[in-house]
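Novice:
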Amino acid sequence: MTDILTIARQQVLEEGRGLDRAQALECLSLPDDRLEELLALAHEVRMRHCGPEVEVEGIISVKTGGCPEDCHFCSQSGQFSSPVRAAWLDIPSLVEAARETAKTGATEFCIVAAVRGPDERLMDQVRKGIEAINAEVDIQIACSLGMLTQEQVDALSSWGVHRYNHNLETAKSHFSKVVTTHTWEERWDTLQMVREAGMEVCCGGLIGMGETLEQRAEFASQLAELDPHEVPLNFLNPRPGTPFESFPLVEGPEALKTIATFRLALPRTILRYAGGRELTLGDLGTKDGLLGGINAMIVGNYLTTLGRNADKDLDLLTELQMPIKALSQTL
1 MTDILTIARQ
11 QVLEEGRGLD
21 RAQALECLSL
31 PDDRLEELLA
41 LAHEVRMRHC
51 GPEVEVEGII
61 SVKTGGCPED
71 CHFCSQSGQF
81 SSPVRAAWLD
91 IPSLVEAARE
101 TAKTGATEFC
111 IVAAVRGPDE
121 RLMDQVRKGI
131 EAINAEVDIQ
141 IACSLGMLTQ
151 EQVDALSSWG
161 VHRYNHNLET
171 AKSHFSKVVT
181 THTWEERWDT
191 LQMVREAGME
201 VCCGGLIGMG
211 ETLEQRAEFA
221 SQLAELDPHE
231 VPLNFLNPRP
241 GTPFESFPLV
251 EGPEALKTIA
261 TFRLALPRTI
271 LRYAGGRELT
281 LGDLGTKDGL
291 LGGINAMIVG
301 NYLTTLGRNA
311 DKDLDLLTEL
321 QMPIKALSQT
331 L
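The numbering of the sequence shown is full-length UniProt numbering, which starts it at 1 and goes up by one.
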């Protein structure tokens, strides 16, 4: 039987065809002593099909906490006894956050809200925020506002939102163990509307929520079917007061196998470091992931947790001679 990495070298690196579900499972199941080989191949794929540039993004929550949904990993749910409480960000603070994000060299600023979907008040706040940012800061604007109606999709597109984030979070077969107040299909429908409206689709998930390796492979194949422009990879940072507060952190080698496998399943996609990496991978693992398929990162803090210091990330990119993707290249 031909070795999976030999197959992947021909299929993904040479032909540009991503791994299928069964092949992804083989990579996820490789022993730790083959991790270096797996990461090296994923890095070759990234360099050939995406190039050396790294896309840098900052995020800010315009509406934090008080969400009615029961996503079991999320401290912003109003259903759990987590310490996060509902709060709104005013427009001047939003503009200042965008300005500080741009100073890092980031090309994208994502406005996020903890909601099932935006109501009229939130849409109005987002519209005003986008107008204010565009008037003062040279940066692309993305949004993550939950599930949308067609009217809301059309509005965001008309306001110049270039990318919309809505994570599927996990494999379809595992979703009901993570969320019960809405379905995987509802999220999928929003993503299809976003694509049809001409915005870029950003869709990823969270690793370490009790899913099996088979379900991680399933998730990789479902993302490949969706074919998003960007896939943010989060690793569970168990939050106090949530149903997943006692879940263990994903081990470093396991996280790196996941990164490399997702790169091999999605050879041309922007694969972005997101939440949890500073705990799961630390400094050395963060470097390994950038040399194992990652080609984008969120810098600074996340929505309810502290991220890795932005200067450390930017210094690491300099050390690895990975240029930050210029704004002109994202337009």
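In this text, a Cβ means the ideal position worked out from N, Cα and C, and glycines have one as well.
1. When the Cα of residue 170 is compared with those of 163, 180 and 206, which residue comes out closest?
2. Rounded to whole angstroms, what's the CA-CA distance from residue 240 to residue 70? Just pull it up for me.
3. When DSSP builds the beta bridges, which residues end up paired with residue 58?
4. Grouping DSSP H, G and I as helix and E and B as strand, with all else coil, what is residue 289?
5. Who are residue 63's beta bridge partners in DSSP?
6. Taking DSSP as the reference, what is the three-state secondary structure of residue 143?
7. Please return the same chain residues whose Cβ sits closer than 6 Å to the Cβ of residue 305, not counting the five positions on each side in sequence.
8. According to DSSP, simplified to helix, strand and coil, what is residue 193?
9. Run through the DSSP bridge pairs and tell me what residue 232 is partnered with.
10. Note down, one range per segment and in chain order, each beta strand (DSSP E) of at least 3 residues found wholly within the region 197 to 246.
11. Taking the CB atoms as reference points, tell me whether residue 115 and residue 67 lie closer together than 8 Å.
12. How about residue 204 and residue 98: are their beta carbons less than 8 Å apart?
13. Within this structure, are the beta carbons of residue 281 and residue 255 separated by less than 8 Å?
14. State buried or exposed for residue 246, treating a residue as buried only when at least 16 other CB atoms are found within 10 Å of its CB.
15. Residues bridged to residue 295 by DSSP?
16. Is the beta carbon of residue 132 less than 8 Å from the beta carbon of residue 179?
17. Out of 270, 26 and 230, point me to the one whose CA is closest to residue 218's CA.
18. Using DSSP's beta-bridge definition, name the partner residues of residue 165.
19. Let me make sure I understand the geometry here. Which of 299, 55, 18 and 146 has the alpha-carbon closest to that of residue 41?
20. Do you know offhand how far residue 36's Cα is from residue 51's?
21. Grab me the residues of residue 359's own chain with a C-beta within less than 7 Å of its C-beta, minus the 5 sequence neighbours each way, in chain order.
22. Can you tell me which of the three DSSP states residue 158 falls into?
23. Is the beta carbon of residue 15 less than 8 Å from the beta carbon of residue 325?
Specialist: In short:
1. Numbered from its first residue, the sequence shown carries residue 170 at position 170. Nearest C-alpha to residue 170: 206.
2. Here residue 240 refers to the residue found at position 240 when the sequence shown is read from its first residue. Here residue 70 refers to the residue found at position 70 when the sequence shown is read from its first residue. Approximately 14 Å between the Cα atoms of the pair.
3. What you label residue 58 is simply residue 58 of the sequence shown in a count that begins at 1. Paired residue(s): 109.
4. For this step, residue 289 is matched to residue 289 along the sequence shown. Helix at residue 289.
5. Within the sequence shown, numbered from 1, the residue matching residue 63 stands at position 63. For residue 63, which the question treats as bridged, DSSP gives the partners 88 and 113.
6. In the sequence shown, counting from the first residue as 1, residue 143 sits at position 143. Strand.
7. In the sequence shown, counting from the first residue as 1, residue 305 sits at position 305. Bear in mind that a pLDDT of 39 at residue 305, under 50, signals an unreliable position, so the number given afterwards is only what the model happens to contain. Cβ within range, chain order: 237.
8. Locating residue 193 in the sequence shown gives position 193, where the first residue counts as 1. DSSP places residue 193 in helix when its eight states are reduced to three.
9. Position 232 of the sequence shown, counted from the start, is the residue given in the question as residue 232. In DSSP, residue 232 forms a bridge with 272.
10. 200 to 202, 205 to 207 and 230 to 235
11. Here residue 115 is taken as the residue at index 115 of the sequence shown, counted from 1. Here residue 67 is taken as the residue at index 67 of the sequence shown, counted from 1. Yes.
12. Taking the sequence shown and counting its residues from 1, the one referred to as residue 204 is at position 204. Taking the sequence shown and counting its residues from 1, the one referred to as residue 98 is at position 98. In this structure, residue 98 does not lie closer than 8 Å to residue 204 by Cβ.
13. The residue you call residue 281 lines up with position 281 of the sequence shown. The residue you call residue 255 lines up with position 255 of the sequence shown. Contact: yes.
14. Taking the first residue of the sequence shown as 1, we reach residue 246 at position 246. That one is exposed.
15. Counting from one through the sequence shown, the residue named residue 295 turns up at place 295. Residue 295 is not bridged to any residue.
16. The count along the sequence shown starts at 1 and reaches residue 132 at position 132. The count along the sequence shown starts at 1 and reaches residue 179 at position 179. Their beta carbons are not under 8 Å apart, which means residue 132 does not touch residue 179 by this criterion.
17. Here residue 218 is taken as the residue at index 218 of the sequence shown, counted from 1. Of the candidates 270, 26 and 230, the one whose C-alpha sits nearest the C-alpha of residue 218 is 26.
18. As a working mapping, residue 165 is identified with position 165 in the sequence shown. Residue 165 pairs with 202.
19. Position 41 of the sequence shown, counted from the start, is the residue given in the question as residue 41. Checking every option, the nearest Cα to that of residue 41 belongs to 18.
20. As a first step, residue 36 is located in the sequence shown; it is residue number 36 there, counting from the start. As a first step, residue 51 is located in the sequence shown; it is residue number 51 there, counting from the start. Spanning the two alpha carbons is a distance of roughly 20 Å.
21. Summary: the structure shown does not reach residue 359, with the chain confined to residues 1 through 331, and so no result is reported for it.
22. Along the sequence shown, read from residue 1 onward, the residue named residue 158 stands at position 158. Helix at residue 158.
23. One-based indexing of the sequence shown puts residue 15 at position 15. One-based indexing of the sequence shown puts residue 325 at position 325. Cβ distance not < 8 Å, so residue 15 and residue 325 don't count as in contact.
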